[in-house]
Every structure is written in C-alpha cells, then in structure tokens.
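Quick note, the sequences are listed as chains A and B, same order.
The opening residue of the first sequence carries number 1 in this note's numbering; numbering runs sequentially from there.
The opening residue of the second sequence carries number 1001 in this note's numbering; numbering runs sequentially from there.
Beta carbons are placed, not taken as given, at the ideal position from N, Cα and C, and that holds for glycine.
Note that the structure is predicted; figures quoted are calculated from it, not measured.
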Amino acid sequence: MKAFEARTTAEPTTAEPAHTVVLLSGDCDLSVRDRMTAVLLAAVDDAPVVAVDLAGVTFMDSSGLHALVTAHHSAQRRGRRLYVRGATGVVGALLHLTGLAGVLSRD
Amino acid sequence: MRGCGVAVEGRARPTWLVVLVVAAAYAAGAQLAFAVFGAPAIVVLFLPAGVTLSALVLTPRRQWPWILAAVAATEITVDVTHGQSPGFVWGFALANTVEPLAGAWLLRRRVGTPVDLLRRRDLVTFLVCCVAIGPLAGALIGATTISWGLGSAWWEAFLPFWAGDATGALTVGGCVLAWRLRPRLTAAAAARWGLALAATVTVTAAGFWPAQLPLFYLPIPLLFLLAFQQRLPVALTCGLAMTVTANALTNAGHGPWAALDGPAEARTATLQLFLGVTILGAWFLAVGVAERDNAMQQVRHFEEEQNAAHRLQRALLPVLTEDRPGLEVSAGYRPAERTHDVGGDWYDLFTVPGDRIGLVVGDVVGHDLSAAAAMARLQTALRILAQSGDGPAGTLSGLDRASDQIAGAFMTTVGYADYHPPTATLRYACAGHLPPLLLTADGARFLWGGRSAPVGVAGVDRIEAEQHVPPGSTLIWYTDGLVERVTVPLPESLARLAERAAPLHGHDPAELCGRLLDEVSDGDTLRDDAVVLCVRFAAEPSMR
Chain A
1 MKAFEARTTA
11 EPTTAEPAHT
21 VVLLSGDCDL
31 SVRDRMTAVL
41 LAAVDDAPVV
51 AVDLAGVTFM
61 DSSGLHALVT
71 AHHSAQRRGR
81 RLYVRGATGV
91 VGALLHLTGL
101 AGVLSRD
Chain B
1001 MRGCGVAVEG
1011 RARPTWLVVL
1021 VVAAAYAAGA
1031 QLAFAVFGAP
1041 AIVVLFLPAG
1051 VTLSALVLTP
1061 RRQWPWILAA
1071 VAATEITVDV
1081 THGQSPGFVW
1091 GFALANTVEP
1101 LAGAWLLRRR
1111 VGTPVDLLRR
1121 RDLVTFLVCC
1131 VAIGPLAGAL
1141 IGATTISWGL
1151 GSAWWEAFLP
1161 FWAGDATGAL
1171 TVGGCVLAWR
1181 LRPRLTAAAA
1191 ARWGLALAAT
1201 VTVTAAGFWP
1211 AQLPLFYLPI
1221 PLLFLLAFQQ
1231 RLPVALTCGL
1241 AMTVTANALT
1251 NAGHGPWAAL
1261 DGPAEARTAT
1271 LQLFLGVTIL
1281 GAWFLAVGVA
1291 ERDNAMQQVR
1301 HFEEEQNAAH
1311 RLQRALLPVL
1321 TEDRPGLEVS
1331 AGYRPAERTH
1341 DVGGDWYDLF
1351 TVPGDRIGLV
1361 VGDVVGHDLS
1371 AAAAMARLQT
1381 ALRILAQSGD
1391 GPAGTLSGLD
1401 RASDQIAGAF
1411 MTTVGYADYH
1421 PPTATLRYAC
1431 AGHLPPLLLT
1441 ADGARFLWGG
1451 RSAPVGVAGV
1461 DRIEAEQHVP
1471 PGSTLIWYTD
1481 GLVERVTVPL
1491 PESLARLAER
1501 AAPLHGHDPA
1511 ELCGRLLDEV
1521 SDGDTLRDDA
1531 VVLCVRFAAE
1541 PSMR
C-alpha cells in the first residue's frame, strides 16, 4: 500500500488560460475520501479548468471515484470543467468499467 | 485515611470542616511519628505529608491558605509539646507546608481533576510531582533546619527526611486520592476489606518480627494478589497498613532492619524504599489490570456493535426461499473481516409486470450504518420503479432521479436485469456496476453490454442490452467485495473469478454461492463486504 498524496500546481498553457493541475498519488480509498474531495473542490474553487492527474495513483475504489465525480459535478454546476488524465492500468480499467471514463474525460 | 472525608469529586466542603479534619488527621499522624516511629531521633515515617497533600489536591484553591495555616499551627503545637526548640519548630512548619503545596500545585497543573490513579499518565505525574519533587522541597528545608540546629551532616538528615515524607505522600496520599475508586461498601465487601487489612498486618508482623531470619518479603504476594483482585483503595490501604506495621516493629527493635549495622539514616531510608517499591509494584499491577479490563470492554463493545450492524445488514437482505417459475435462485452475503465495515451491498429479486423477474445487485459507497440505510431506501425505490415496466435502462433512469432524494445514494453502483422466462431473454443494465457473469456449458463469460456511469452522475444516458440465455445456464452477479483486491488489478481478478466459476457449471445455485463466497478471499483478509446472487435458468423454458 502506498500513502495517498495530493499536490496542486498551476500549469502554464497557451490553450487554457487558468489551468490548475492536481497530482494525485498513492491509494485513493475510503480512508482518504474526505481529504481527496476537499483538495479537488478547492481546486475547482480556484480555477475554471482543473486537470486531475492520476498517473501516480496505485489503487482506487468507489470512494476515490466518488470524490472525482463530486468535484466534477461541482465544476459543472458553476460552468467550470474538471477532467482526469494519466489514468492508465488499474485506474484506467476502473474508470472504463464503471462507465465514468467518458464523463470524466477532457472532451 | 481520615482525610477521605475532606472533599470528593469537586464538591467543595465547608472550610471549617476541611480545616478541622485536616488538622485532626495531621495531628494524629504527627503524634504517631513521635510515639511509634521515633521522631525524636529524626528517623521517621511521616504519614501527615500525605494528609496535607491530598487535602490540597481535593479542595478548591481558595481553601488552601486555611488548610496550610491549620497544618502549620498543628505542626508547631505538636513540636512544642514534644519540646522541640523554636528554630526547629519554624523550620518544620515551613517544610511541611511548602512540600505539599509544591506537590499539589504541580499535580493539578499537569493533570486535571479528578486525578485518576489507575491511569498511567496520572500515576506517573503523581509520583514525579507529589512523591519525588514535593518531598524533595520539604527535605531541603527540613535537612537545612536539622543540620543547622544539631550541627550534624546535612546529607544524614536529608535522605531519611525525603524518604519518610515520600512514603507518607505515597501511602496516605495514594489512599485518599484513590478513595473515589473504592468498592461499594456492602457488608460483605467491608468484611473482605477488613480481612485483607488484618491479613496484611499479620503477615507483615510475621515478616518483621524475627531479626535474624530475612522474612520481610512475606507481604509482597498478598499485596500483589489484592492489587490484582480487589479495587485499588483496598490494595493501597493494605499497603499503608504494611508500612505502618513494618515501621512500628522496626522502631521497636524487631525485624531485619533493626538488626542492621550502619547509620540509622541509611536504615530508615532503605526500609521506606523497600516498602515504597513493594506498594508501587502492586500499584503498577493494578494499573495494568485496569488497562486490560478497559481494552477488553472496548473489544466487547466493538464486537457487539459490529454484530448489530451485520445483523441489520442481513435483515435488510431478502430471503430467497422460493424458486420462481423457470428459475432456481440463491444469494449469499459475507461481511468484511477485521474492519468495522458494514455493507451497503445488496441483492434483490422480485416479479415485474409482463411475466418478468427483476434481478438486482447494488453497492452503496461507504461502509457504515448510514450506507446500510441508503441501501435499504435504494432497494425499495428500485423495486417500486421497476413496477412501471420501463425495462432496465428506464428503471435506472428513474433511480437517478430518485437518488436526489436519498442521502448517500450518489455514486451507488447497481446492476439491474429482468428475465423473461417464455423467451429465455435477459435484459440488463449496469450503472457503474461490475458485469454479470454467465455460466454456460461453453464456459464463463462476462456480459459487457448496457454499461453506464453510477447512480446520480449528471447527464448520463442509461442503456441496456439483451442476452439470450441457454437452458441450464447460470447468471452470477456480485459486488466488488467478491473480486476487489488491493494487490491484484481488477481485470485480473475478474478473469480469476471466471476461471474459478467455469468448472462449476451445472452446480446448484446455493452450492455455487457458497463456493464463491468461501473461496473469495484467496487466503487474504476480506476488506469489503461481498454479495453474490446466482440464478440458474431452467433447462426447458417454461411456456406460459
């Protein structure tokens, strides 16, 4: 098991004006759901576009998905955007399996 | 012991009563020191140290000046009646007020009231502040007074003064401060307590009588037994009885310490040290027992709560007693091990208009009683929505709308299917849920159709798929507890499930459920609840 970590950075891009990236790593399970939700909601508060980078995530269960979709809904309600990237392997399979890959994708 | 009436559990007693009791107890203890423990030779066990200390710990600060004044006055009176010179008198009065003041002030600063002497932290603080530091302050003043008055060596006065006062604080102070932990005084309890005291005095007397036979350790097992079996005040009062008996006999010339050669100061100091160490040993044992009892009580409480949660979970799941026309069904639930998690996992089976049978497996996010409550509401909502005959996709769309009104429903995964026996067709839809596994003579394969996001996700179109089920095939539907392992990627554990299930084709659904749930853990601890629903379709579709 790997400890959960979340880091929020601003990423300068030409395409997206105020683009925030949240880098998640470790295990995203029930024990970190509240922390993960808080980090993601704070990111949505701060920027119109938030990319959640899941490349470092080693494990995710329904609690982690809950946090992602909660933040996604919050962004939608305010006319903002949140999408995930770097979801490969286990996490990518989970997103496809649960039918969330489309909902949380960039487009 | 008489200090016990001073004040209990934060309720302040009248100042006059406190002062009276403290003065009486102090005078009695000081007289005892002169009469029995050889105070004139300054080789003493000084029990009043514990009287003043515990009085200060148990009373509000506004009563402190009165208590200290009463103690000083009593000390002066007792000293003067025993013919002490004025220099001694004032020095001792100062020592015997500064000492308990320092101890009580430090203890109350570090530990809130009431002090719980069965708690490790409180006991250690009591020992450091009231048994070590307080008497140290008293001994500094007392030894200076004595060495200045008698012209004797400072160290020779300091050690026994410290040891005598520390033992007084430990024994009497301990008894009074632990008094609130006493057993309920029924006649039987009082008789047992009295018997314990009598036995302690007898055994101690036996140990401290012969001078040439070292038997002083005799009270140790008795004291330890009392600490193990009885409440702390019983053990501590017996410790006090042992201390008084041993000192009285030693001072009367009995026992191994009286027969020792060497300076009297070293003898009295080592005697008090022996008695203090013995009492502390018993005390630590009592603390250990109390900690163990607390831990066991917590475990029991935890287990009861967990059992209640699992009983609730089981009660919420339907009992599938009857097979439906054209179907044999069985379902099983296995709670998570080790963790305190209660489900949110459920299965259901009911009839639907149009000669159909609805099959449900679902999983609410989270594992607590509120998840179980959300599950119960979703289960009911889904049953009612299915009666509209809208089919799986339509029913799940209805559940999306209903989920707004159900706390904790968001992101629930649900698989819903309805089976039409006359045509042997299964319509199914998965809202973020794991795919059903179809077991046929050709092997096991997952049904990957009808997939969409979990319940409550905005802007999702529900879709469904249709599958013809061959006669004799079995549908296995489950929650992620059956397959999810931290160490194994999900696609891999799904493949393992299919591998395990394939040879079980043709088995009775009840046996299948049992086998899958038994083998689910693969030797690992089951971290999540698991639910399995097994439905075997009749060999010949029933024509109705």
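Residue i - containing beta strand (DSSP E), residue span
i: B/Gly1415; result: Thr1413 to His1420
i: B/Gln1467; result: Ala1465 to His1468
i: B/Trp1477; result: Thr1474 to Tyr1478
i: B/Glu991; result: Examination of residue 991 of chain B is not possible in this model, given that chain B is present from 1001 through 1544 alone.
i: B/Ala1372; result: No beta strand (DSSP E) holds B/Ala1372; the alpha helix (DSSP H) holding it covers Leu1369 to Ala1386.
i: B/Tyr1440; result: The question names Tyr, yet the displayed sequence has Thr at residue 1440 of chain B. Where B/Thr1440 is concerned, the enclosing beta strand (DSSP E) stretches over Leu1437 to Thr1440.
i: B/Gly1443; result: Gly1443 to Phe1446
DSSP three-state assignment for residue i, whether helix, strand or coil
i: B/Val1252; result: It should be noted that the sequence gives Ala, not Val, for residue 1252 of chain B. Here B/Ala1252 sits in coil by DSSP.
i: B/Val1006; result: Its pLDDT being 42, under 50, B/Val1006 is placed unreliably in this model, and the value from its coordinates should be taken loosely. In the structure shown, B/Val1006 sits in coil (DSSP, three-state: anything other than H, G, I, E or B).
i: B/Asp987; result: In the structure as shown, chain B begins at 1001 and stops at 1544. Residue 987 of chain B is therefore absent and cannot be evaluated.
i: B/Ile1042; result: Here the model assigns B/Ile1042 a pLDDT of 45, short of 50, so the residue's position is not dependable, and the following value carries that caveat. Reduced to three states, the DSSP call for B/Ile1042 is coil.
i: B/Glu1511; result: helix
i: B/Pro1541; result: Note that B/Pro1541 has pLDDT 47, beneath the 50 cutoff, so the model's placement of it is unreliable and the number below is only indicative. Coil at B/Pro1541, not helix or strand.
i: A/His19; result: strand
i: B/Ala1191; result: helix
i: B/Phe1208; result: coil
i: B/Thr1237; result: helix
i: B/Gly1362; result: strand
i: B/Arg1451; result: strand
i: B/Leu1140; result: helix
i: B/Ala1429; result: strand
i: B/Gly1391; result: helix
i: B/Ala1407; result: coil
i: B/Val1460; result: coil
i: B/Val1488; result: strand
i: B/Pro1160; result: helix
i: B/Asp1569; result: Lying outside 1001 to 1544, the shown extent of chain B, residue 1569 of chain B is not represented and no answer is given.
i: A/Pro48; result: coil
i: A/Leu98; result: Here residue 98 of chain A turns out to be Thr, not Leu, going by the sequence shown. Looking at A/Thr98 - three-state DSSP - the assignment turns out to be coil, as it is neither helix nor strand.
Proximity below 9 Å, CB of residue i to CB of residue j
i: B/Trp1066; j: B/Val1019; result: yes
i: B/Gly1344; j: B/His1367; result: yes
i: B/Leu1177; j: B/Val1115; result: yes
i: B/Leu1312; j: B/Ala1374; result: no
i: B/Tyr1419; j: B/Gly1362; result: no
i: B/Leu1482; j: B/Leu1512; result: no
i: B/Ala1189; j: B/Pro1183; result: yes
i: B/Phe1126; j: B/Leu1136; result: no
i: A/Pro48; j: A/Arg80; result: yes
i: B/Ala1444; j: B/Ala1393; result: no
i: B/Ser1473; j: B/Ala1441; result: yes
i: B/Leu1273; j: B/Ala1163; result: yes
i: B/Leu1382; j: B/Pro1436; result: no
i: B/Leu1434; j: B/Thr1413; result: yes
Beta bridge counterpart(s) of residue i as assigned by DSSP
i: B/Tyr1026; result: According to DSSP, which records beta bridges pairwise, B/Tyr1026 is partnered with nothing at all.
i: A/Ala6; result: A/Leu24
i: B/Glu1499; result: The partner list for B/Glu1499 (beta bridge, DSSP) is empty, contrary to what the question assumes.
i: A/Met60; result: A/Cys28
i: B/Ile1357; result: B/Thr1351 and B/Tyr1419
i: A/Asp53; result: A/Leu23 and A/Arg85
i: B/Cys1534; result: B/Ser1330 and B/Ile1476
Residue interval of the alpha helix (DSSP H) (run including residue i)
i: B/Ile1279; result: Ala1264 to Leu1316
i: B/Asp1079; result: Trp1064 to Thr1081
i: B/Cys1175; result: Gly1174 to Leu1177
i: B/Pro1014; result: Per DSSP, B/Pro1014 belongs to no alpha helix (DSSP H) and is neither H nor E.
i: B/Pro1221; result: Pro1219 to Gln1229
i: B/Asp1529; result: Per DSSP, B/Asp1529 belongs to no alpha helix (DSSP H) and is neither H nor E.
i: B/Pro1573; result: Because chain B spans 1001 through 1544 in this model, residue 1573 of chain B falls outside it and cannot be assessed.
Contact with chain D by residue i, beta-carbon distance below 9 Å
i: B/His1433; result: Of the chains in the structure shown, none is chain D; the protein chains are A and B.
Chain A contacts from the region 1395-1422 of chain B (Cβ-Cβ distance under 8 Å): Phe1410, Met1411 and Thr1413
Anything in the region 1478-1493 of chain B with a Cβ closer than 8 Å to a Cβ of chain A? List those residues in chain order, please. Asp1480, Glu1484, Val1486, Pro1489, Leu1490 and Pro1491
Any residues in the region 81-105 of chain A with a beta carbon nearer than 8 Å to a beta carbon of chain B? Which ones, in chain order? Gly89, Val90, Ala93, Leu94, Leu97, Thr98, Gly99, Leu100, Gly102 and Val103
For the region 1439-1460 of chain B, which residues have a beta carbon sitting closer than 9 Å to at least one beta carbon of chain A? Arg1451, Ser1452, Ala1453, Pro1454, Gly1456, Val1457, Ala1458, Gly1459 and Val1460
Counting only Cβ-Cβ distances shorter than 8 Å, please list the residues of the region 60-71 of chain A near chain B, keeping chain order. Asp61, Ser62, Ser63, Leu65, His66, Val69 and Thr70
Mind checking the region 16-32 of chain A against chain B and listing, in chain order, the residues whose C-beta falls within less than 9 Å of any C-beta there? Those would be Asp27, Asp29 and Leu30, in chain order.
Give the residues from the region 1355-1377 of chain B that approach chain A closer than 8 Å (Cβ to any Cβ), ordered along the chain. Asp1363, Val1365, Gly1366 and His1367
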